Amino acid sequence: MMVANNSESDALARTKSSLPTTKIAEYISFKPNDKIRIKILRAEDLVNDKNGVADPYINIFVKGFEQISTDVAKRTLNPIWNEEFTFNVKQELTGIEVVFKVMDKDFLGVDDFMGGNVLYLTKEQFPHFNEIQYFHLDLQGVKQGSIYVGIGVYKN
């Protein structure tokens, strides 16, 4: 289960999920000059690689925009990033999903998948605009790990 709150500490204390709770979610419609702000705060209890540690980073995919990534956090399973990204909407968009993929940087080969999750930019998830909502997301596709992110929808 996912938690959305106006306070990061409130978000960290509750249950987690990533899917809208209604069967038919109403996506937010974006117009030119609207903004999507994403804060990547940290991760916890990531799965380790063969060496017992990892060099994690997060790939962020937002429909209608280029993929972005956090910096690589060296030799940790509990990285802290505190990085913020702003996406400026240039055309009308709807049905936006934000996909987070945690990866382990492999300096000699292919990077390893460490889990992921998706947030849907729906009116249910974001009842208020122009403020950051914080989420604690369990990582899917792996046995453990979670990420802490904030997302704000800013309407002009």
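Going by the working numbering, the first residue of the sequence shown is number 1, and it counts up by one from there.
Glycine included, C-beta positions come from ideal geometry on N, C-alpha and C.
Remember, predicted model here, so these are calculated numbers, not experimental data.
- Task: Give the DSSP-derived three-state secondary structure of Phe100 in the structure shown.
- Result: Sequence index remark: in the sequence shown, residue 100 carries index 100 (1-based). In this structure, Phe100 counts as strand in the three-state DSSP scheme.
- Under the three-state DSSP convention, the category Asp45 falls into: Stepping through the sequence shown from its first residue, residue 45 is reached at position 45. Correct three-state label for Asp45: coil.
- Query: Below 8 Å, can you find three or more Cβ-Cβ pairs linking the segment 68 to 77 to the segment 118 to 135?
  - Reply: no
- Message: Does Asp168 come out as helix, strand or coil in the three-state DSSP assignment?
- Response: Any answer about residue 168 is impossible in this case: the structure gives the chain only from 1 up to 156.
- Item | Burial state of Thr122 (16 or more Cβ within 10 Å) | Taking the sequence shown and counting its residues from 1, one reaches residue 122 at position 122. So Thr122 ends up on the buried side.
- Sequence-distant residues of its chain with Cβ nearer than 8 Å to Thr21 (five each side left out): What you label residue 21 is simply residue 21 of the sequence shown in a count that begins at 1. The predicted model places Thr21 with a pLDDT of 43, which falls under 50 and marks its position as unreliable; any figure quoted below should be read in that light. These residues qualify, in order along the chain: Glu124.
- Message: Here's the rule I'm using: 16 or more other beta-carbon atoms within 10 Å means buried, otherwise exposed. How should Pro56 be labelled?
- Response: Here residue 56 is taken as the residue at index 56 of the sequence shown, counted from 1. Flag for Pro56 reads buried.
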